[in-house]
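Quick note on my numbering: the sequence shown kicks off at 424 and runs consecutively.
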Amino acid sequence: MGERKNQNALSADEKQRFASAVLALKNQVPSRMGLAGRYDDYVRMHLDSMASTATQPGWAHMGPAFLPWYRYFLYSFERDLQAINAAVTVPYWDWTVDSSPQASIWDPDLMGGNGRDTDARVMTGPFAFDNGKWIITVQDPSDASPGPDLRRRFPGVSALPTALQVEAALAEVPYYVAPWRAFDDLEAMQDPARPSFCNRLEGWYGPGSIHNRVHLWVGGQLGDILGTMELMSSPNDPVFWLHHANIDRLWGEWQRRHPGEGYHPTGAGDEIGAPGHNLNDSMQLWGNITPASVLDPQALDYRYDTDPPRAAAAAAAALPPRARRPAPVSAAHEHAMPAAEGGMRMAPGETMFRLSAEDLAELPEPPREAPAWWQP
Ligand SMILES: [Cu+2]
């Protein structure tokens, strides 16, 4: 069973193995979608997931499938890395602890640092454009200043989510409520679905704007240049995976704390959400993967270093292999959605990630330029 570790606890070897596997996935493993490399398939899948109308959430965001969609997305990505090096797992970034622009995650041996003053280009680490191994090819069509380079301009908002905000989100029940999407009015982004854990963790209501805020903090903005993490092509910044691993870890924590709280909508009775968002729906782009099939991380054969040991884990390990629940197979998951079918409607340069109304009202944000205390 693969163990996902806190990035701040990785050895030098583990950091190097992870970065090397990511670079190999980008540059050496062939794409299955006609792109430059296998890594780019994930950027493309993420873009495709944004297909949306004014009345329905996309496949992966602004709806209940947010957490299961990303659980499988991470799982599939990790399996691809493990095909390169079986010892690799995706580390997680606990941004409530490693919350400073000087944290070691930004050192040259892992994610590399902030972007430079002139154009937000990341200049250090394995993914720095000038090293020649990280050329961005799948672009966000709404990006006003597309470029081949990884860009960051943190801190793009005043602070990362705090431990208190995360604790408050972990106390939130149920999983989701009607109308089974982030907002009653998705287009106007009004009347968020509350109270509900998934919507709060994604960041559409409640103090913290948790998942969204991290994208905004890392990406930042410089004139009309948006940092990579603010774009619909945000998996182009490898820190995306470390962020989403932490989100997935927190979902597991919530599942343990609330054993009586199941996934909603069930798809039965009056619990009918958008296609792909009900308990037993196929999640786009993966025909055979449903939210129900990824509820138990143990069935996917991974754990986090913060998970308590589970008696059930030992019992399952004692069974003969064929009696274990099979991990879902990522068979036909590469049917790309034609870009012409649409996507989130955004003005050029506008980010898909927003702070919640509570954060905007209670915590006025500073101007989007870096504050004076931050000297790259
Ligand atoms: Cu995200």
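We put the beta carbon where it would ideally sit given N, CA and C, even for glycine.
Whole angstroms are fine: how far does the CA of H700 sit from the CA of P487? 6 Å
Which whole-angstrom value describes the C-beta separation of R726 and E426, a residue pair presumed to lie in contact below a C-beta threshold of 8 Å? 6 Å
Assigned exposure category for P771 - 16 Cβ within 10 Å defines buried: exposed
Segments of 3+ residues assigned as beta strand (DSSP E) that fall wholly inside the stretch 545–614: 606–608
Extent of the continuous alpha helix (DSSP H) to which A675 belongs: Correcting the residue type first, residue 675 is Gly in the shown sequence and not Ala. V662 to R680 is the span of the alpha helix (DSSP H), which, as asked, contains G675.
Look up G460 in the DSSP assignment and say whether it is helix, strand or coil. coil
Contact check, M706 vs P491 under 8 Å by CB: the rounded distance? 7 Å
Since L533 and W557 are thought to touch, with beta carbons under 8 Å apart, how far apart are those beta carbons, to the nearest angstrom? With a Cβ gap of about 14 Å, L533 and W557 do not count as contacting.
With DSSP run on the structure shown, which of helix, strand or coil describes G765? With a pLDDT of only 49 at G765, under 50, the local geometry of the prediction cannot be trusted, and the value read off the model is given with reservation. In this structure, G765 counts as coil in the three-state DSSP scheme.
Quick check on the burial criterion: 16 or more other C-beta atoms within 10 angstroms. Buried or exposed for T541? exposed
Just to confirm before moving on: does the CB-CB distance between W677 and L593 stay below 9 Å? yes
By the DSSP assignment, the alpha helix (DSSP H) with E437 in it spans what residues? A435 to N450
In chain order, what residues of the same chain have a beta carbon less than 6 Å from the beta carbon of S522, not counting five sequence neighbours either side? L583
Would you report the Cα separation of N711 and A697, rounded to the nearest angstrom? 17 Å
Let's see if you can read the secondary structure: which residues bound the beta strand (DSSP E) around Y727? Y725 to Y727
Are there 16 or more other CB atoms within 10 angstroms of the CB of N703, so buried, or fewer, so exposed? exposed
Across the stretch 448–462 and the stretch 550–567, are there enough close Cβ pairs to call them in contact, namely three or more that are closer than 8 Å? yes
Can K670 be considered in contact with ligand 1, in the sense that its beta carbon sits closer than 8 Å to one or more heavy atoms? Note that residue 670 is Ile in the sequence shown here, rather than Lys. I670 Cβ: within cutoff of ligand 1.
Confirm the yes/no value for this check: CB of S632, any heavy atom of ligand 1, distance under 8 Å. no
Could you tell me which whole beta strand (DSSP E) segments of length 3 or greater appear in the stretch 479–545? none
Coil, strand or helix - R636 by DSSP: helix
Here's the rule I'm using: 16 or more other beta-carbon atoms within 10 Å means buried, otherwise exposed. How should A432 be labelled? exposed
Excluding the 5 residues flanking D563 on each side, which residues of the same chain have their C-beta closer than 6 Å to its C-beta? L654, M655 and S656
Assuming E653 is part of the alpha helix (DSSP H), what are its boundary residues? No alpha helix (DSSP H) holds E653; DSSP gives it neither H nor E.
Can you tell me which of the three DSSP states Q707 falls into? coil
Should D671 go down as buried or exposed, given a rule of 16 or more other Cβ atoms within 10 Å for buried? buried
Between L708 and M468, which are expected to be in contact by the criterion C-beta below 8 Å, what is the C-beta distance as a whole number of angstroms? 6 Å
I want to check one thing, is the minimum distance from the CB of S657 to the heavy atoms of ligand 1 below 8 Å? yes
Beta-carbon gap between D517 and N429 smaller than 9 Å: yes
Sufficient close CB pairs (3 or more, under 8 Å) joining the stretch 437–445 to the stretch 503–511: yes
Buried or exposed by the 16-neighbour rule on C-beta atoms within 10 Å, applied to Q644: buried
Proximal residues to C621 (C-beta, below 7 Å), its chain only, five neighbours per side dropped: P487, F489, L490, Y598 and Y599
For the alpha helix (DSSP H) containing E426, list its first residue and its last residue. Segment G425 to R427 is the beta strand (DSSP E) holding E426; no alpha helix (DSSP H) there.
P749 classed as buried or exposed, judged by whether at least 16 other C-beta atoms fall within 10 angstroms: Here P749 scores only 40 on pLDDT, less than 50, and its place in the model should not be relied on; the value that follows carries that caveat. By the 10 Å Cβ count, P749 comes out exposed.
Less than 8 Å between the CB atoms is what I'm expecting for P630 and G675, so what's the real figure, rounded? The pair is not a contact, with the Cβ atoms about 22 Å apart (cut-off 8 Å).
Beta-carbon gap between R575 and M485 smaller than 9 Å: no
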